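K.L.:
Numbering of the sequence shown is given in this note's numbering, commencing with residue 1086 and proceeding in unit increments.
Glycine included, every Cβ here is placed at the ideal spot set by N, Cα and C.
Keep in mind that this is a model prediction, so the values were computed, not measured.
Before anything else, here's the structure in question.
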Amino acid sequence: MTLDIKICGLKTDAAMAAALTGGASHVGFIFFAKSPRYVEPAEAGRLRQAAAGKAKAVAVTVDATDAFLDEIVAKMHPDMLQLHGSETPARVAELKARYGLPVMKAVSVSEAADLERIKPYAGIADRFMFDAKPPKGSELPGGNGVAFDWRVLAGLDAGLDYMLSGGLNAANVGDALRLANPPGLDISSGVESAPGVKDPALIEQFFRAVRAARDDRAA
């Protein structure tokens, strides 16, 4: 099985280079003003040029207005939209039609019952992202560095396309792959030296850990 890996919250050329060198299938840019990973659409458009032909560029938004999404799509030219807010199935369908882009819908998870929330989006969202519920008081819907019990994903339909997110790092990604066997991984704070500061060495370390874990499973 191929494993997609998204490095999210990129803001610098060095971090982009490390993500692409490591073999990222997706690179993510955050358009949520409260996030330390926020980047202007025009700058994201400049950065994403390095990914052309190598990785899909993902625009991550949180209940964004049409006007802001218009600006993001015009200036960044994303390959995919990631909706990380309270967007309804109707809103997902509306944005897919408006921009002609695939959409990944994020769902916050802390227990197996939370996975029921994907049912209304079935056949509408192109992919899901399962992220840990934010800690109490956090203003960020993702990128909080917390994990959930990955074992709850074991009961999902084998063909469901999703990315696992929340609290991943080089030390625990082997457990995530063993317990959930996800088709995709998304990492942000786990490859940072400080909030919003991607560390190329940590990005490289994460890819090494993923390769080692997959080699162990194949042995």
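Assuming residue 1276 contacts residue 1115 under a Cβ cut-off of 8 Å, what Cβ separation, rounded to an integer in Å, is found between them?
P.N.:
That pair is no contact at about 14 Å.
K.L.:
For residue 1143, which residues in the same chain have their Cβ closer than 8 Å to its Cβ, ignoring the five residues on either side in sequence?
P.N.:
Taken in chain order, the residues that qualify are 1091, 1093, 1111, 1112, 1113, 1114, 1163, 1164, 1165, 1166, 1167, 1189.
K.L.:
Return yes when the Cβ of residue 1249 is within less than 8 Å of the Cβ of residue 1261, no when it is not.
P.N.:
Their beta carbons are under 8 Å apart, which means residue 1261 touches residue 1249 by this criterion.
K.L.:
Can you check whether the CB of residue 1107 is closer than 8 Å to the CB of residue 1289?
P.N.:
Yes, they are a contact pair.
K.L.:
Comparing alpha-carbon positions, which option in 1232, 1158, 1268 lies nearest residue 1088?
P.N.:
The shortest Cα separation from residue 1088 among 1232, 1158, 1268 belongs to 1268.
K.L.:
Helix or strand or just coil, what does DSSP make of residue 1118?
P.N.:
DSSP places residue 1118 in coil when its eight states are reduced to three.
K.L.:
What number of angstroms, rounded off, separates the C-alpha of residue 1200 from the C-alpha of residue 1194?
P.N.:
Distance between the alpha carbons of residue 1200 and residue 1194 is about 7 Å.
K.L.:
Between which two residues does the beta strand (DSSP E) harbouring residue 1123 extend?
P.N.:
First-last for residue 1123: undefined, no H or E at that position.
K.L.:
DSSP state of residue 1274, grouped into three classes?
P.N.:
Here residue 1274 sits in helix by DSSP.
K.L.:
Could you check where the beta strand (DSSP E) with residue 1167 kicks off and where it finishes?
P.N.:
Looking at the DSSP string, the run of the beta strand (DSSP E) that includes residue 1167 is 1165–1168.
K.L.:
Could you tell me if the beta carbon of residue 1128 falls within a distance shorter than 7 Å of some heavy atom in the ligand GTP?
P.N.:
Here there are no bound small molecules, and the ligand GTP is not part of this structure.
K.L.:
How long is the line joining the alpha carbons of residue 1123 and residue 1117, rounded to whole angstroms?
P.N.:
When rounded, the distance between both Cα atoms is 6 Å.
K.L.:
Is the beta carbon of residue 1147 closer than 8 Å to that of residue 1170?
P.N.:
Taking 8 Å as the Cβ cut-off, residue 1170 and residue 1147 qualify as a contacting pair.
K.L.:
Using a threshold of 8 Å, state whether the C-beta atoms of residue 1160 and residue 1127 are closer than that.
P.N.:
Yes; because the gap between Cβ atoms is below 8 Å, this pair is in contact.
K.L.:
Should residue 1251 be labelled buried (16 or more other beta-carbon atoms within 10 Å of its own) or exposed?
P.N.:
By the 10 Å Cβ count, residue 1251 comes out buried.
K.L.:
Let's see if you can read the secondary structure: which residues bound the beta strand (DSSP E) around residue 1160?
P.N.:
Premise fails: residue 1160 lies in the alpha helix (DSSP H), 1151–1161, not in any beta strand (DSSP E).
K.L.:
Could you confirm whether any beta carbon from chain C is found closer than 8 Å to the beta carbon of residue 1154?
P.N.:
The chain labelled as chain C is not found in the depicted structure, where only one protein chain is given.
K.L.:
Do you know offhand how far residue 1294's Cα is from residue 1256's?
P.N.:
So the alpha carbons of these two residues sit roughly 7 Å apart.
K.L.:
Would you call residue 1216 buried or exposed, if buried means 16 or more other Cβ atoms sit within 10 Å of its Cβ?
P.N.:
When all chains shown are included, residue 1216 counts as buried.
K.L.:
From 1173, 1287, 1204, pick the residue whose C-alpha is nearest to that of residue 1099; which is it?
P.N.:
Nearest C-alpha to residue 1099: 1287.
K.L.:
State the DSSP-derived secondary structure class of residue 1204, mapped to helix, strand or coil.
P.N.:
Residue state, collapsed to three classes: helix.
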